[in-house]
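One structure is given here, and the rest of the page talks about it.
Numbering (the working numbering), first residue to last: 1033 to 1340.
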């Protein structure tokens, strides 16, 4: 039986169609775990291992009574192998759109060409894409669209997705590194009665219940220093800060700032701490302290050259 979403894809999606979609799908494996465990199988192997995977269709091609597709989840990609003789609703599967979310159950195998695949023994449409997805070869070329619709850029660009994951990992590693050295992560107020801690134009708002003007913080400095005065000898905050100023690829009015304070230490101690932290992050995220940025070779190995 044909899924109504396929026949009415170009029409506004009725609320009744949403009820046709499953609320959940039991995933048993990620695509990355399949590649790790079965990536070295010989051509034409049938493992007998049944799995359930879910993700987004990124590529699809139909060759007569056989369809191939590439399924991408948050960890990677795997090929789907769909013969018409065993794939339920084969015509619907063959007509699915790039960008559709589907769940697939089937056996892990390799094709005659040695491509690791999941044979489609059962499948479900989890969510239908309503707009054309950027194609494989050209990707998302419009810069404005990339900036305004980051979620699309994340799906079609491995570089963008890698950068986002590197940022997440960098923040996690920073927290762990500082906590291992006795620093306490704190949260300080985002609304300030007086803007301070840096020279920048603040965003302003008004608190109606208190009848006072407030400012989004431009830096967490003053509240962190008060915590040190209160007896917390090592504190840090990965703070979201806001500055109502210029906008460029290197200057955003909203950004994350790491600020930390340590009692009984001077600037030389803090310089050494920053060197060690940056070198540690470079090794953990990039695998080395010797990097290339914008055509320039950088060596982050401590100690760094002192400019003054």
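Virtual Cβ for every residue (Gly too), placed ideally from N, Cα, C.
Nearest neighbour of residue 1136 by Cα position, chosen from 1182, 1287 and 1059, turns out to be 1059. By the C-beta density criterion, residue 1201 is exposed, having fewer than 16 other C-beta atoms within 10 angstroms. A contact between stretches requires three or more CB pairs, one per stretch, nearer than 8 Å, and the region 1261 to 1271 fails this requirement with the region 1226 to 1240. Measuring C-alpha to C-alpha distances from residue 1077 to each of 1144, 1097 and 1117 identifies 1144 as the nearest. Along the region 1143 to 1212, the alpha helix (DSSP H) occurs as fully enclosed runs of 4 or more residues at 1175 to 1180, 1182 to 1188 and 1190 to 1212, listed in sequence order.
With respect to the 8 Å criterion, residue 1244 and residue 1225 are classified as neighbours on the basis of their beta carbons. The shortest CA-to-CA distance from residue 1319 to any of 1333, 1172 and 1328 is the one to 1333. Taking a C-beta distance under 8 Å as the contact criterion, residue 1203 and residue 1193 do not qualify as a contact pair. In this structure, residue 1095 keeps its C-beta atom at 8 Å or more from the C-beta atom of residue 1148. Minimum Cα-Cα distance from residue 1151 among the listed residues 1133, 1113 and 1118 corresponds to 1113.
Of 1275, 1281, 1277 and 1253, the smallest CA-CA separation from residue 1268 is found for 1253. Bridge partners of residue 1289 according to DSSP: 1271. An exposed status is given to residue 1258, since fewer than 16 other beta-carbon atoms sit within 10 Å of its beta-carbon.
Our two residues, residue 1105 and residue 1117, have alpha carbons roughly 26 Å apart in a direct line. The alpha-carbon separation between residue 1174 and residue 1184 amounts to approximately 12 Å. When the beta-carbon positions are compared, residue 1233 and residue 1276 come within less than 8 Å of each other. Within the DSSP bridge table, the entry for residue 1324 names 1329 as partners. Note: residue 1134 is bridge-paired with 1087 and 1157 in the DSSP secondary-structure output. Nearest Cα to residue 1286 within the set 1080, 1271, 1073 and 1307: 1271.
Using a Cβ distance threshold of 8 Å, residue 1139 and residue 1081 count as a contacting pair. Here the alpha carbons of residue 1102 and residue 1071 stand approximately 15 Å from one another. Residue 1300: member of the alpha helix (DSSP H) spanning 1299 to 1318, first to last residue. Between the alpha carbons of residue 1216 and residue 1294 lies a distance of about 10 Å. Here residue 1082 is bridged, per DSSP, to 1139. When only Cα atoms are considered, residue 1280 and residue 1179 end up about 12 Å apart.
Rounded to whole angstroms, the Cβ separation of residue 1223 and residue 1248 is 7 Å, and the two are in contact under 8 Å. Contact between residue 1157 and residue 1132 holds, with the beta-carbon distance rounding to 6 Å and staying under 8 Å.
Under DSSP, residue 1110 shares a beta bridge with 1103.
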